[in-house]
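First the structure, in the form of structure tokens, and then the observations on it.
Protein chains: 2
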Amino acid sequence: MLNARQLAELARASSRHEVLAGTELPDDGTYSNVLSGVVKLTRILSDGRQQIVGFHFAPDFLGRPFEPKRPIKAEALTKVALCSFPRTIIDRMADDTPELGHRLLNHALSELDEARDWMTALGRKTASEKVASFLLMIARNVVSANRSASSVSFDLPLSRADIADFLGLTIETVSRELSRLRADGVIRIANKRHISLESTGRIEGRCGD
Amino acid sequence: MLNARQLAELARASSRHEVLAGTELPDDGTYSNVLSGVVKLTRILSDGRQQIVGFHFAPDFLGRPFEPKRPIKAEALTKVALCSFPRTIIDRMADDTPELGHRLLNHALSELDEARDWMTALGRKTASEKVASFLLMIARNVVSANRSASSVSFDLPLSRADIADFLGLTIETVSRELSRLRADGVIRIANKRHISLESTGRIEGRCGD
DNA sequence: GCCAAACCTTGATCTGGATCAAGGCGGCTG
DNA sequence: CAGCCGCCTTGATCCAGATCAAGGTTTGGC
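These protein sequences, in sequence, are chains A and B. In this text, residue positions in the first sequence follow numbering that gives the first Met the number 0: the first is 0, and each later residue adds one. In this text, residue positions in the second sequence follow numbering that gives the first Met the number 0: the first is 0, and each later residue adds one.
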């Protein structure tokens, strides 16, 4: 899709770097590929209430210009490796290479589909449906060392507080629903953060959709 | 941005039509411009719970291919006038005309910003903040016959049930919050559907952000 | 290894918004 | 114009999830 000259130019302009968990990613006029790790996007109300409005998992694109007036913040949830390019270069290449433009558009549209799925969860699902849907989403996005036909295990990249801010719940409710799933034999929890789904089907049945 | 030949081709391929309130708009492989009226996008859970995940007001774009597996439905809320074009033509022109591609991308990105604003409302705002935010959003999007410096009046294009499905509330709660805003002198309500905002500032102060 | 801080779990109680219930309007239709 | 039907409002009660409270567990620093 890109020609040799373009690839060379990209290679020259690209820069790789790694940031630690907790680092805020400034809008520095670049697009980045997330090579590893997880980034959260948070929207904040004036009194401090927070809502996580999206995640970027490897190998996602990241770094679009938000409407400057919307207070959205991007922050690394884990150690994150990025490969970034000046936005000007990508935008110029997209003009010459329709396929690249399509990729940018399709990426935005699939983020939109996801945002709308989560609107539905936030507006119409119960707490336990929200937690089940969340676990399934993470399982699908976190590359897992341990994966068999129907059972998956992975490390949660989020604290209970972040899960709560994503699902529109409190940390206590998140904790209780996780405990309930464990008591029902649907998941196992090791070390607070390590989750094993006994069967993805059992979880899917609790997502409400 | 488009040359004369392209404009002529578009004009030839375009078709205008009008649909009544309540009509479902099928995904018929076209892009449309909404010339007048309001369209709602609804996502439905298997047991019938609904969430409205977006609106299209004039002069919005409409009619992108949803991920086919997501059960999203587009339906006219009012009488709607559309001007539609085969998707193939627009997509081909976007390849030749970067500016058109940019418009499609920017449109998707602003829909994404809006979806994320509503995620925040659904997850973290109280019922009365949700209703206030909703009224303000409608006021900004419905072209109003009656508009002065600080006061606006308009007809709600939604029933109480639709407002509830958008805000993740029940119709009773929506009704009560509207009554409270009226009792507090922030809005006036005529004929159930006609709303006057005494001052946009008073409403803004109740949106939580 | 001990301590403190950060994070998580669990229990008790409270409450915002849901649910249940009972009318009140318009707006059609005959 | 009566009667019906679809919407909306308001009141009473209930409950899912919030809040308040009290430990438990893990991590990291010294």
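Ideal Cβ positions, reconstructed from N, Cα and C, are used throughout, including at glycine.
Work out the CA separation of residue j and residue i for me, nearest whole Å.
i: residue 153 of chain B; j: residue 17 of chain B; result: 22 Å
i: residue 194 of chain A; j: residue 56 of chain B; result: 44 Å
i: residue 179 of chain B; j: residue 75 of chain B; result: 29 Å
i: residue 149 of chain A; j: residue 197 of chain A; result: 8 Å
i: residue 79 of chain A; j: residue 105 of chain A; result: 24 Å
i: residue 43 of chain B; j: residue 165 of chain B; result: 12 Å
i: residue 2 of chain B; j: residue 128 of chain A; result: 52 Å
i: residue 34 of chain A; j: residue 83 of chain A; result: 10 Å
i: residue 176 of chain A; j: residue 160 of chain A; result: 14 Å
i: residue 53 of chain A; j: residue 37 of chain B; result: 27 Å
i: residue 156 of chain B; j: residue 126 of chain B; result: 20 Å
i: residue 184 of chain A; j: residue 173 of chain A; result: 17 Å
i: residue 63 of chain B; j: residue 117 of chain A; result: 19 Å
i: residue 200 of chain B; j: residue 51 of chain A; result: 27 Å
i: residue 120 of chain B; j: residue 135 of chain A; result: 24 Å
i: residue 206 of chain B; j: residue 124 of chain B; result: 8 Å
i: residue 92 of chain A; j: residue 99 of chain A; result: 8 Å
i: residue 94 of chain B; j: residue 27 of chain B; result: 22 Å
i: residue 6 of chain B; j: residue 12 of chain B; result: 10 Å
i: residue 202 of chain A; j: residue 131 of chain A; result: 6 Å
i: residue 168 of chain B; j: residue 188 of chain B; result: 20 Å
i: residue 181 of chain B; j: residue 85 of chain A; result: 51 Å
i: residue 15 of chain B; j: residue 67 of chain A; result: 36 Å
i: residue 61 of chain B; j: residue 101 of chain B; result: 16 Å
i: residue 151 of chain A; j: residue 71 of chain B; result: 29 Å
i: residue 191 of chain A; j: residue 158 of chain A; result: 9 Å
i: residue 21 of chain A; j: residue 77 of chain B; result: 47 Å
i: residue 122 of chain B; j: residue 204 of chain B; result: 19 Å
Taking DSSP's pairing of strands, which residues face residue i in a bridge?
i: residue 188 of chain A; result: A:194
i: residue 39 of chain A; result: A:54 and A:74
i: residue 16 of chain B; result: B:81
i: residue 32 of chain B; result: B:60 and B:82
i: residue 23 of chain A; result: A:74
i: residue 165 of chain B; result: Residue 165 of chain B is not bridged to any residue.
i: residue 49 of chain B; result: B:43
Am I right that residue i and residue j are in contact with their C-beta atoms under 8 Å? What's the rounded C-beta distance?
i: residue 19 of chain B; j: residue 73 of chain B; result: So it is not a contact: roughly 14 Å between Cβ atoms.
i: residue 69 of chain B; j: residue 59 of chain A; result: Actually they are not in contact, since the Cβ atoms of residue 69 of chain B and residue 59 of chain A sit about 19 Å apart, beyond 8 Å.
i: residue 108 of chain B; j: residue 31 of chain B; result: The Cβ separation is near 19 Å, so there is no contact.
i: residue 162 of chain B; j: residue 133 of chain B; result: 6 Å
i: residue 114 of chain A; j: residue 138 of chain B; result: Rounded, the Cβ-Cβ distance is 23 Å, inconsistent with contact.
i: residue 9 of chain B; j: residue 88 of chain B; result: 7 Å
i: residue 46 of chain B; j: residue 45 of chain A; result: About 36 Å separates the two Cβ atoms, so there is no contact after all.
Quick one: which chain A residues come within Cβ less than 9 Å of residue i?
i: residue 138 of chain B; result: Residues of chain A passing the Cβ test: none, with the nearest at roughly 18 Å.
i: residue 204 of chain B; result: Neighbours of residue 204 of chain B on chain A: none; closest Cβ ~11 Å, over 9 Å.
Mind listing the chain A neighbours of residue i? Cutoff is C-beta to C-beta under 7 Å, in chain order.
i: residue 172 of chain B; result: Those do not exist, as residue 172 of chain B stays about 13 Å from chain A at its closest Cβ, beyond 7 Å.
i: residue 103 of chain B; result: 104
i: residue 211 of chain B; result: The first residue shown for chain B is 0 and the last is 208, placing residue 211 of chain B beyond what the model contains.
i: residue 201 of chain B; result: Per Cβ cutoff of 7 Å: no residues; residue 201 of chain B is ~17 Å from chain A at best.
Which chain B residues sit within Cβ distance under 7 Å of residue i?
i: residue 230 of chain A; result: Outside the shown range of chain A, which is 0 to 208, sits residue 230 of chain A, and nothing can be said about it.
i: residue 1 of chain A; result: Result: empty, since nearest Cβ-Cβ is about 15 Å, beyond 7 Å.
i: residue 118 of chain A; result: 50, 52, 114, 117, 118 and 121
i: residue 161 of chain A; result: Here the premise fails: no neighbours, minimum Cβ distance about 13 Å.
i: residue 107 of chain A; result: 104, 107, 108 and 111
Any heavy atom of the ligand MN inside 7 Å of the beta-carbon of residue i?
i: residue 166 of chain B; result: Of the ligands one can find in the structure shown there are none, so the ligand MN has no counterpart to examine.
Chain B partners of residue i, CB-CB under 8 Å?
i: residue 45 of chain A; result: 207 and 208
i: residue 184 of chain A; result: Under the 8 Å cutoff, chain B gives no residues; its nearest Cβ is about 24 Å from residue 184 of chain A.
What residues of chain A sit near residue i, judged by a beta carbon separation below 8 Å?
i: residue 63 of chain B; result: 108
i: residue 66 of chain B; result: 109 and 112
i: residue 28 of chain B; result: By Cβ distance, chain A contributes nothing, its closest Cβ being about 16 Å from residue 28 of chain B, past 8 Å.
Name the chain B residues whose beta carbon is nearer than 9 Å to that of residue i?
i: residue 8 of chain A; result: Result: empty, since nearest Cβ-Cβ is about 18 Å, beyond 9 Å.
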